[in-house]
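Colleague: The sequence shown runs 0 to 342 under numbering that gives the first Met the number 0.
C-beta atoms are modelled at their ideal positions from N, C-alpha and C, and glycine is treated no differently.
If you scroll down you'll find the structure; I have some questions about it.
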Amino acid sequence: MEKERICLSNELKGIKIRDFEELRSRILSIYKSKIALPKSVKKKGLVKYLTKVRQIHDFLMNEFYRHIQMLPKFNELHPFYQELIRMSCADERYDDILGKVLGFRKVLLKLTREYSERIRLSFDVPEARKLTREYIGRVLSIFRRLRKDLRCLSSIVVELRKLPCISVIEPIIVVAGMPQVGKSTFVSRVSTAKPEISPFPFTTKEIIVGHFEVNFKRIQIIDTPGILDRPLHELNQIEKRALAAIKCLTNCLIFLIDPYEGSYYSLESQLNLLKNIMVSFKDLRNKIIVAINKIDLVNEERLNYVKAKVKELFNGDIYLMSALKGIGVKEVINAALKLLGYS
Ligand code: GDP
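Okay, structure coming up:
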């Protein structure tokens with residue numbers, strides 16, 4: 000069952016997945032640390048090594064595995080997060096890896112029991128030391144085998160933690176269009192997000208999420224530079240997956256067009272992108288809004304020409320605005336809210 004995760008990146012904040020090297024150095028430092036025992040303790044040499052074995056076991060179960068157990072199960076995740084996880088470790092399934100790592104807890108428990116018993120019965124201190132080292136060697140050989148899996152889980156946590164807080168239960172408006180058409184300007188004008196607005200193409204790289212409230216309900220508005228601002232055939236495998244993930248989330252898409260003749264991208268390439276997005280976001284057929292931005296830069300004749308060109312391939316309403324000057328912005332947002340079912 001998919002859980003209603005409010006913000007996965009926040010949930011993952013407290014989770015640390017140690018890789019093999021970190022585990023080894025932590026286990027060795029436990030082995031080397033001094034243990035002070037009360038004077039009354041008999042057979043101090045043996046007890047010292049028994050304590051080290053117990054401390055290593057406790058560290059693995061109470062720290063290392065506690066964090067592994069906090070990881071979400073794949074089938075409890077929204078398709079958006081599932082798609083992102085598939086992007087992190089290409090060749091193996093996340094759930095299989097998680098199952099494999101968790102499965103070794105039983106082996107570790109057995110090892111700890113076996114070696115504790117053998118140390119207790121050991122002949123002298125050198126034998127106890129030898130057995131403790133053997134125990135550590137066997138524990139480390141387990142984690143050496145899991146080296147790749149731990150690296151994968153750790154990279155998933157690191158990647159997903161970088162995501163802005165995207166809620167899968169609140170409506171999402173995605174803003175698309177070629178670079179430099181004014182997406183960040185628009186998102187920052189209508190929401191709480193304050194994305195960096197760059198004067199050059201290709202400089203904004205991260206997904207930017209803004210919020211605003213309507214009737215006490217939060218709406219998310221997302222700018223996705225680098226993914227929805229290039230023709231689909233130019234996207235690499237990872238970007239295609241990112242696009243698939245974004246598609247899972249979108250409830251409404253606002254496509255911006257720069258009508259200015261001297262714009263960074265020709266009107267033709269902008270319309271090609273619109274066509275691509277309409278094909279790719281088929282399920283959103285009636286949830287796409289086209290807004291011609293930067294109307295402060297063009298005269299009426301040019302505007303009518305651009306409008307007519309858009310109409311040739313898009314039969315919904317076309318809005319005119321200037322995100323920079325704040326003209327027509329409210330109308331575009333109201334149209335989006337109407338499509339989301341708010342009027
Ligand atoms: P993005 O790449 O699509 O996110 O575009 P940005 O929001 O970074 O805007 C690119 C450039 O266009 C910036 O210099 C903005 O100030 C400018 N810009 C955005 N909207 C408007 C507008 O409505 N009118 C004018 N004149 N410039 C705009």
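For residue 341, I'd like the list of residues in its chain whose CB is within less than 6 Å of its CB, leaving aside the five on either flank, ordered along the chain.
Modeller: Once the five neighbours on either side are set aside, the close Cβ partners of residue 341 are 213.
Colleague: Using a Cβ-Cβ cut-off of 7 Å (strictly less than) and excluding sequence neighbours within five positions of residue 297, which residues of its own chain qualify?
Modeller: The answer, listed in chain order, is 258, 259.
Colleague: Report the three-state DSSP secondary structure of residue 308 (helix, strand or coil).
Modeller: It is helical.
Colleague: Checking 8 Å against the spacing of the C-beta atoms, do residue 30 and residue 51 come in under that value?
Modeller: Yes, Cβ-Cβ distance for residue 30 and residue 51 is below 8 Å.
Colleague: Going by alpha carbons, who is nearest to residue 68 out of 28, 13, 169?
Modeller: With distances taken between Cα atoms, residue 68 lies closest to 13.
Colleague: So, under 8 Å CB-CB, residue 104 and residue 134 are touching, yes? Tell me the CB distance rounded to an integer number of Å.
Modeller: That pair is no contact at about 16 Å.
Colleague: Thinking residue 167 and residue 79 are a contact (beta carbons under 8 Å), I'd like their distance in whole angstroms, please.
Modeller: So it is a contact: roughly 6 Å between Cβ atoms.
Colleague: Assign residue 216 to one of three DSSP states: helix, strand, or coil.
Modeller: Residue state, collapsed to three classes: strand.
Colleague: When we look at the beta-carbon of residue 329 and count the other beta-carbons within 10 Å, is it buried (16 or more) or exposed?
Modeller: With fewer than 16 Cβ atoms within 10 Å of its Cβ, residue 329 is classed as exposed.
Colleague: Counting only the same chain and skipping the five closest in sequence on each side, list residues whose C-beta sits under 6 Å from that of residue 146.
Modeller: Result list for residue 146: 19, in chain order.
Colleague: Could you compute how far the alpha carbon of residue 144 sits from the alpha carbon of residue 243?
Modeller: Going by the C-alpha atoms only, they are around 33 Å apart.
Colleague: Can we say the stretch 287 to 294 touches the stretch 331 to 338, given the rule of at least three CB pairs closer than 8 Å?
Modeller: Touching, yes, given that three or more Cβ pairs across the two stretches are closer than 8 Å.
Colleague: Entirely within the stretch 72 to 140 and at least 4 residues each: give me those alpha helix (DSSP H) ranges in chain order.
Modeller: Listed in chain order, the complete alpha helix (DSSP H) runs (minimum 4 residues) inside the stretch 72 to 140 are 78 to 87, 93 to 119.
Colleague: Determine the burial state of residue 36: buried for a count of at least 16 other Cβ atoms within 10 Å of its Cβ, exposed for fewer.
Modeller: So residue 36 ends up on the exposed side.
Colleague: Got a sec? Which residues, its chain only, sit under 7 Å from residue 81 by beta carbon, not counting five neighbours each side?
Modeller: Within the same chain, residue 81 has close Cβ partners 73.
Colleague: At which residues does the alpha helix (DSSP H) containing residue 276 begin and terminate?
Modeller: Residues 266 to 279.
Colleague: Applying the criterion that 16 or more other CB atoms from any shown protein chain within 10 Å of the CB defines a buried residue, is residue 40 buried or exposed?
Modeller: Exposed, because fewer than 16 other Cβ atoms sit within 10 Å of the Cβ of residue 40.
Colleague: Between which residues of its own chain and residue 110 is the CB-CB distance below 7 Å, once the five residues before and five after are set aside?
Modeller: Taken in chain order, the residues that qualify are 134, 137, 138.
Colleague: According to DSSP, is residue 164 helix, strand or coil?
Modeller: It is coil, neither helix nor strand.
Colleague: Since residue 7 is in the beta strand (DSSP E), which residue starts that stretch and which ends it?
Modeller: Unbroken run through residue 7 is the alpha helix (DSSP H), 7 to 10; no beta strand (DSSP E).
Colleague: So, under 8 Å CB-CB, residue 280 and residue 310 are touching, yes? Tell me the CB distance rounded to an integer number of Å.
Modeller: Not quite, the Cβ-Cβ distance comes to about 19 Å (not below 8 Å), so this is no contact.
Colleague: Taking its Cβ as the centre, do 16 or more other Cβ atoms sit within 10 Å of residue 187, making it buried, or is it exposed?
Modeller: The residue is buried, with at least 16 neighbouring Cβ atoms inside 10 Å.
Colleague: Consult DSSP for residue 331 and reduce its assignment to one of helix, strand or coil.
Modeller: If DSSP states are grouped into helix, strand and coil, residue 331 belongs with the helices.
Colleague: State the DSSP-derived secondary structure class of residue 57, mapped to helix, strand or coil.
Modeller: Helix at residue 57.
Colleague: Can you find a heavy atom of the ligand GDP that lies under 7 Å from the Cβ of residue 293?
Modeller: Yes; taking the cut-off as 7 Å, the Cβ of residue 293 has a heavy atom of the ligand GDP nearer than that.
Colleague: Would you say the beta carbon of residue 180 comes nearer than 7 Å to a heavy atom of the ligand GDP?
Modeller: Yes.
Colleague: Under the rule that 16 or more other beta-carbon atoms within 10 Å means buried, what is residue 34, buried or exposed?
Modeller: So residue 34 ends up on the exposed side.
Colleague: So for residue 209, helix, strand or coil by DSSP?
Modeller: Three-state result, residue 209: strand.
Colleague: Mind checking whether residue 66 and residue 15 have CB atoms under 8 Å apart?
Modeller: In contact: residue 66 and residue 15 (Cβ atoms closer than 8 Å).
Colleague: So the candidates are 261, 233, 250; which of them puts its Cα closest to the Cα of residue 272?
Modeller: Nearest C-alpha to residue 272: 233.
Colleague: Using only alpha-carbon positions, find the residue among 189, 101, 178 that is nearest to residue 324.
Modeller: Nearest option by C-alpha distance: 189.
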